[in-house]
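Asker:
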RNA sequence: GGAAGAGUGGCAGAGCUGGUUUAAUGCACCGGUCUUGAAAACCGGCGUGCCUUCACGGGCACCGGGGGUUCGAAUCCCUCCUCUUCCGCCA
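In the numbering used here, the protein residues as written are 18 to 443.
1. Between residue 426 and residue 252, what straight-line distance do the alpha-carbon atoms span, to the nearest angstrom?
2. Taking all protein chains shown into account, decide if residue 152 is buried (16 or more other Cβ within 10 angstroms of its Cβ) or exposed.
3. Give the DSSP-derived three-state secondary structure of residue 407 in the structure shown.
4. What distance in whole Å lies between the Cβ atoms of residue 305 and residue 418, which are believed to be in contact at a cut-off of 8 Å?
5. If you check the beta carbons only, do residue 246 and residue 224 fall under 8 Å apart?
6. Give the DSSP-derived three-state secondary structure of residue 377 in the structure shown.
7. Please report the residue range of the alpha helix (DSSP H) in which residue 435 lies.
8. So residue 65 and residue 112 are supposed to be a Cβ contact under 8 Å. How far apart are they, rounded?
9. Along the alpha helix (DSSP H) that carries residue 232, what are the first and last residues, could you check?
10. Which of helix, strand or coil does DSSP assign to residue 257?
11. Starting from residue 318, follow the beta strand (DSSP E) in both directions and report where the run begins and ends.
12. Are the CB atoms of residue 240 and residue 124 nearer to each other than 8 Å?
13. Which value, in whole angstroms, describes the spacing of the CA atoms of residue 155 and residue 333?
14. Cα-Cα, which of 423, 173, 433, 435 is closest to residue 443?
15. Using a Cβ-Cβ cut-off of 6 Å (strictly less than) and excluding sequence neighbours within five positions of residue 144, which residues of its own chain qualify?
16. In terms of DSSP beta bridges, what is residue 361 paired with?
17. Grouping DSSP H, G and I as helix and E and B as strand, with all else coil, what is residue 402?
18. Would you tell me roughly how many angstroms separate the C-alpha atoms of residue 445 and residue 114, rounded to the nearest one?
19. Within the chosen definition, does the segment 380 to 399 reach the segment 160 to 179 through at least 3 CB pairs nearer than 8 Å?
20. Please confirm whether residue 361 and residue 372 have their CB atoms less than 8 Å apart.
21. Do residue 415 and residue 160 have their C-beta atoms closer together than 8 Å?
22. For residue 183, which three-state DSSP category applies?
23. My assumption, with CB atoms under 8 Å, is that residue 207 sits in contact with residue 330. Please give the rounded CB distance.
24. Assuming contact is defined by CB atoms lying nearer than 8 Å, are residue 101 and residue 72 in contact in what I supplied?
25. Give the straight-line distance between the Cα atoms of residue 201 and residue 433, rounded to the nearest whole angstrom.
26. Compare the C-alpha of residue 58 against each of 118, 48, 147, 85 and name the closest.
27. What does DSSP give as the partner residue(s) for residue 397 in the beta ladder?
28. Since residue 325 and residue 255 should fall inside the 8 Å C-beta cutoff, what is the C-beta to C-beta distance between them, to a whole number of angstroms?
29. What span of residues does the alpha helix (DSSP H) with residue 63 cover, start to end?
30. So, helix, strand or coil for residue 126, using DSSP?
31. Report, in whole angstroms, the separation of the C-beta atoms of residue 339 and residue 149, which I expect to be a contact under 8 Å.
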């Protein structure tokens with residue numbers, strides 16, 4: 018959520034950013050509406066505060082009068098106060114109305130994009146910031162997509178997942194399960210080596226947490242919700258891990274904050290049926306290792322690059338051909354200021370598959386979270402939050418299987434063998 | 001799941017028979033005096049959000065969350081949450 022201050026200080030910048038996100042010119046009026054509502058809010062508060070002040074003074078006087086036994090005067094004061102309170106009640110109702118409206122509008126405005134974000138409408142307008150220049154893997158005759166490979170080698174049983182739970186809940190078995198577990202450990206070790214503290218968070222979160230990272234109110238339908246206990250299944254480890262810092266004021270020595278965590282992720286994916294749902298491309302439950310950083314604003318963009326390098330390192334060790342995209346205004350997420358997507362080329366499907374997304378949210382998320390720090394002048398400032406998948410398991414398994422298939426079976430990359438304890442799936 | 005007790009500022013801890021409490025006091029922390037330096041001692045500062053002011057400053061709200069009673073609530077009432085202890089159940 019943007020601060021009103023951000024809009025007030027440079028409304029043209031915000032407008033330009035919205036246009037880059039392909040907002041229609043006529044919808045930009047929401048910004049002026051926000052400023053006008055904020056003005057109303059200030060006016061109402063100023064007036065109401067002075068009335069409250071009068072009530073406080075009068076109450077003290079009544080106390081004194083009562084003590085001195087001057088009952089009549091005290092009663093007279095009381096009726097005065099009653100009038101004030103009637104006024105206050107009305108004022109507070111309109112304040113609440115204005116505040117609700119203001120929040121609602123603020124929630125509808127996406128983050129200000131970084132100047133480097135290219136304009137564009139669709140994923141075709143994303144900027145390739147690092148392309149794959151080497152040769153793509155050459156696969157044997159009759160190379161298969163991962164869903165066929167998974168079946169052939171008995172790694173993933175989608176039908177059993179359907180039987181036990183339903184569509185989109187894959188069941189891993191045998192070497193498939195062991196490969197999954199190996200990747201989790203490999204990713205966590207990589208993150209640990211890069212200085213991230215490992216967290217095993219709860220997999221269900223309360224409403225405050227879902228609100229803190231912005232899943233509520235807008236993405237409500239994407240989360241599984243346990244009505245009986247009023248809890249949400251996490252769609253990503255970002256939610257519980259980032260919420261560690263909800264309502265926190267950090268000190269200088271708390272930085273840098275670098276956290277990683279493995280969790281299963283649960284997504285209802287409502288409304289997305291029909292597109293790219295085959296195999297592991299889109300599932301309701303998948304494993305992911307997430308990296309999260311909370312940093313001071315002056316560091317956040319260098320940190321974003323560092324996180325990109327981290328993901329690159331992993332993909333290199335997995336011997337997967339990848340490219341990096343800087344998402345354009347039309348494709349970048351609502352909450353992000355700058356996002357890099359990683360895509361792995363699947364030689365079997367002959368297409369690029371998205372495997373990771375690394376973003377800087379600047380203060381957009383921390384404003385909602387109320388995650389702040391004291392700067393060198395002792396002033397409280399919003400921190401910057403960043404996160405990225407490092408990596409999402411399901412799609413990495415898919416690309417590993419597809420790219421490393423040989424006539425004899427699927428070759429496990431050398432870096433992963435210490436984790437799998439086998440070097441070939443056959 | 002049942003019973004009892006408790007939730008106060010970074011921590012500890014008073015206030016909780018409603019009205020000089022602007023939330024005492026101690027510790028921690030920051031600045032200063034003293035000192036060659038440090039410690040001690042002394043002096044001052046020391047929560048968050050919002051409104052207002054060029055500024056100094058002033059105002060409002062917040063004592064687990066929400067609601068209520070009252071002219072006035074940390075203090076009384078309702079409700080929810082959390083923690084502690086005991087009982088029950090259980091990996």
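Ideal Cβ positions, reconstructed from N, Cα and C, are used throughout, including at glycine.
What you are looking at is a predicted structure, and each value in this text was computed from that prediction instead of being measured.
Answerer: Let's see:
1. Approximately 33 Å, taken between the alpha carbons.
2. Counting Cβ neighbours within 10 Å, residue 152 comes out exposed, since fewer than 16 surround it.
3. Three-state result, residue 407: strand.
4. That belief does not hold up - the Cβ atoms of residue 418 and residue 305 are roughly 18 Å apart, past 8 Å.
5. Not closer than 8 Å, so no.
6. Correct three-state label for residue 377: strand.
7. Residue 435 -> alpha helix (DSSP H) spans 434 to 437.
8. Separation of the CB atoms of residue 65 and residue 112 is rounded to 7 Å, and the pair is thereby assigned contact status at 8 Å.
9. Counting along the chain, residue 232 falls outside any alpha helix (DSSP H), and DSSP gives it neither H nor E.
10. When DSSP states are grouped into helix, strand and coil, residue 257 belongs to the helix group.
11. Counting along the chain, residue 318 falls outside any beta strand (DSSP E), though it belongs to the alpha helix (DSSP H) covering 317 to 334.
12. Pairing residue 240 with residue 124 gives a Cβ-Cβ distance that is not under 8 Å.
13. If you draw a straight line from the Cα of residue 155 to the Cα of residue 333, it is about 17 Å long.
14. Measuring from the Cα of residue 443, the nearest candidate turns out to be 423.
15. Excluding positions up to five away in sequence, the list reads 135, 343.
16. 339, 370, per the DSSP bridge assignment.
17. Three-state DSSP puts residue 402 in a strand.
18. Nothing can be reported for residue 445, as the shown portion of the chain is limited to 18 through 443.
19. Counting Cβ pairs under 8 Å, fewer than three are found: no touch.
20. Taking C-beta atoms as the reference points, residue 361 and residue 372 count as a pair closer than 8 Å.
21. No, the Cβ-Cβ distance between residue 415 and residue 160 is not below 8 Å.
22. It is coil, neither helix nor strand.
23. The beta-carbon separation of residue 207 and residue 330, rounded to 7 Å, stays under the 8 Å limit for a contact.
24. Judged by beta-carbon spacing, residue 72 lies within the 8 Å limit of residue 101, meaning their Cβ atoms are closer than that value.
25. Residue 201 and residue 433 have their C-alpha atoms some 11 Å from each other.
26. Closest by C-alpha distance to residue 58, out of 118, 48, 147, 85, is 118.
27. Note: residue 397 sits in a beta bridge opposite 391.
28. Going by Cβ atoms, the distance from residue 325 to residue 255 rounds to 17 Å, so no, they are not a contact pair.
29. Note, residue 63: alpha helix (DSSP H), 46 to 84.
30. Residue 126 falls in the coil class under three-state DSSP.
31. About 6 Å separates the Cβ atoms of residue 339 and residue 149, confirming a contact at the 8 Å cut-off.
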